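Using my numbering, the first residue of the sequence shown is number 1, and each one after it goes up by one. Glycine included, each C-beta is placed from N, C-alpha and C at the ideal position. It should be emphasised that the depicted structure is a prediction, and the values quoted were computed from it without experimental measurement. Remarks on the structure that follows.
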Amino acid sequence: MRILVLVIQYPPDVNTSGVLMSQLCEGLSARGHDVSVLTTFPHYEKFRVWDTYRGKVVEKDVRNGVDITRTYVYANGNKQSMRNRLLSYLSFMTLATVVGTLSRRSYDVILCSNGSFFSGLAATILARLKRAPFIYNVQDLYPETPVQAGQISNTMVIAALEKLEGFMYVQAARVSVISPTFRDNLLGKNIPDGKIATIPNFVDVDFIRPYSKDNAFSREHGLTEKFVVTHAGNLGYVYDLDALLDVAQRVSGEEDIQFLIVGDGVERARLAARAQRLGLTNVRFLAFQPRERLPLLRAASDVQVALYRKGSARFSMPSKVYEIMASGRPVLASADAESDLWRLVRDVRCGICVEPHTPDTLAAALLALYRDPALRERMAERGRAEAVRMYSRDAIVAQYEELCQRVVDESANADRLPARPRHLTGASTVTE
Numbered sequence: 001m002r003i004l005v006l007v008i009q010y011p012p013d014v015n016t017s018g019v020l021m022s023q024l025c026e027g028l029s030a031r032g033h034d035v036s037v038l039t040t041f042p043h044y045e046k047f048r049v050w051d052t053y054r055g056k057v058v059e060k061d062v063r064n065g066v067d068i069t070r071t072y073v074y075a076n077g078n079k080q081s082m083r084n085r086l087l088s089y090l091s092f093m094t095l096a097t098v099v100g101t102l103s104r105r106s107y108d109v110i111l112c113s114n115g116s117f118f119s120g121l122a123a124t125i126l127a128r129l130k131r132a133p134f135i136y137n138v139q140d141l142y143p144e145t146p147v148q149a150g151q152i153s154n155t156m157v158i159a160a161l162e163k164l165e166g167f168m169y170v171q172a173a174r175v176s177v178i179s180p181t182f183r184d185n186l187l188g189k190n191i192p193d194g195k196i197a198t199i200p201n202f203v204d205v206d207f208i209r210p211y212s213k214d215n216a217f218s219r220e221h222g223l224t225e226k227f228v229v230t231h232a233g234n235l236g237y238v239y240d241l242d243a244l245l246d247v248a249q250r251v252s253g254e255e256d257i258q259f260l261i262v263g264d265g266v267e268r269a270r271l272a273a274r275a276q277r278l279g280l281t282n283v284r285f286l287a288f289q290p291r292e293r294l295p296l297l298r299a300a301s302d303v304q305v306a307l308y309r310k311g312s313a314r315f316s317m318p319s320k321v322y323e324i325m326a327s328g329r330p331v332l333a334s335a336d337a338e339s340d341l342w343r344l345v346r347d348v349r350c351g352i353c354v355e356p357h358t359p360d361t362l363a364a365a366l367l368a369l370y371r372d373p374a375l376r377e378r379m380a381e382r383g384r385a386e387a388v389r390m391y392s393r394d395a396i397v398a399q400y401e402e403l404c405q406r407v408v409d410e411s412a413n414a415d416r417l418p419a420r421p422r423h424l425t426g427a428s429t430v431t432e
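This is how it looks when you write it as structure tokens:
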């Protein structure tokens, strides 16, 4: 198959969904498919295009067997402004549409991730021009995710985004979602059940493994003899990291417990200032780490957290939880009861999940893990086994390959069907 993938970020950009899509593209390429990517110049970490791409509009590249076309994107350094982010999304949609239209390449299927509000519009236009069906890959529910995070409150904007997202669901040949709750959300929006495919995100279980805690990363940061509790990833609005600081304050009497908050994002400065005001000597902030250091960073941890604000876990399923499981460490999570994250941790028994904004309960759960190494080991083993069995890259790439082939076959069959008699297509009936 000839597959075009539209995604707003792609390595060397560092965000999680871009990394996942790159692994999917490379996996499909390794299976013999011709994969092309339309994306932007790297800009995610600082919301500013890298210096090496300044002054350019389009650049082509080949990375691990995947043909990549990168375009300019609006990114002025102020990621906290939703206006700036919307302009960024619009710039990608516009240039992706123009560049894709001008390309002479043809495709059998288009796969579009909804990492930006408007990418599905580019996919819709290109699908029509290239006469190829498109699959809309839903990584986040819009506009629910930014609304829940408090980033959008204008009712007119919310209504417009709801209509836009609904339009893209209708235009897509299939909508792929990453969890059962996402599927239920779309069913509630009257998207037909047969149009929705549930394919979870994944982890490279060969890259993320249960390495020894005594490794180069832990020695570099003096963590080998500490009980390390880690948040690694984006520091965004959806995470309840204030609760983690509250827990750090409550357990400060346990001198060997060390909290690590690793990464960057819009909440980093505020959280660091709050930790300083509270006098938390057991909390350390580290900058975002290169991906190649991720396995040892996770291995340096005894417990890893995925803490969500109330309501946020209903609209997100963090792929980093699969990384925690694959690393052979227990998960300490906060999420709404019966959310996908809650059910995963509960059903696999790979950690403890509590209600959001309950620092006392969270502290008690942490201390239970701290005091019971055997419990941590059992949870870690179950998590690793489930990651290998259900969420490995090879298993999920095969599911995407099957979905793409099914959509291509259905499109080809539809093209071969004879046109219906004109008198049968209207609302009225014709009698002889």
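| Item | Value |
| --- | --- |
| Within 8 angstroms, strictly: CB atoms of Arg-382 and Val-348 | yes |
| Spatial neighbours of Gly-311 in its chain, beta-carbon cut-off 7 angstroms, leaving aside the 5 residues before and after | Gln-148, Asp-336 |
| Burial state of Ser-106, where buried means 16 or more other Cβ atoms lie within 10 Å | exposed |
| Distance between Ala-275 and Phe-227 (C-alpha atoms, nearest Å) | 19 angstroms |
| Closest residue to His-231 among Lys-46, Leu-286, Phe-202, Lys-195 (Cα-Cα distance) | Leu-286 |
| Three-state class that DSSP yields for Cys-353 in the structure shown | strand |
| 7 angstroms Cβ shell around Lys-195 - same chain, five flanking residues per side excluded | Arg-174, Val-175 |
| N-terminal and C-terminal residue of the alpha helix (DSSP H) that Thr-40 is part of | Careful: Thr-40 lies outside any alpha helix (DSSP H), inside the beta strand (DSSP E) at 34-40. |
| Close beta carbons around Ser-218, own chain, < 6 angstroms, minus the five adjacent residues each side | Thr-224, Ala-300 |
| Paired residues, beta bridge with His-231 - DSSP | Ile-261 |
| C-alpha gap between Arg-128 and Arg-48, whole angstroms | 32 angstroms |
| Range of the contiguous alpha helix (DSSP H) that encloses Val-98 | 82-102 |
| Inter-residue Cα distance where the pair is Glu-433 and Phe-117 | Since the displayed the chain opens at 1 and closes at 432, residue 433 lies outside it and no answer follows. |
| Where Tyr-136 sits in the DSSP three-state scheme | strand |
| Close beta carbons around Ser-428, own chain, < 6 angstroms, minus the five adjacent residues each side | For Ser-428, the predicted structure reports a pLDDT of 32, less than 50, and the residue's modelled location is therefore unreliable. A value from the coordinates is still provided. Contacts found: none. |
| Leu-332: first and last residue of the uninterrupted beta strand (DSSP E) it sits in | 331-334 |
| With 16 other Cβ atoms within 10 Å as the buried cut-off, status of Gly-150 | exposed |
| Outcome for Thr-155 when other beta-carbon atoms lying within 10 angstroms are tallied against a minimum of 16 | exposed |
| Terminal residues of the alpha helix (DSSP H) in which Leu-296 lies | 294-299 |
| Tyr-169 beta carbon less than 8 angstroms from that of Leu-186 | yes |
| Residue from Asp-340, Tyr-142, Cys-404 whose Cα sits closest to the Cα of Ala-160 | Tyr-142 |
| Proximal residues to Met-82 (C-beta, below 8 angstroms), its chain only, five neighbours per side dropped | Pro-146, Gln-151, Ile-152 |
| First through last residue of the beta strand (DSSP E) which encompasses Val-470 | Here the chain covers residues 1 to 432 and nothing more, so residue 470 does not appear. |
| Stretch pair the region 373-381 + the region 93-108: three plus CB contacts closer than 8 angstroms | no |
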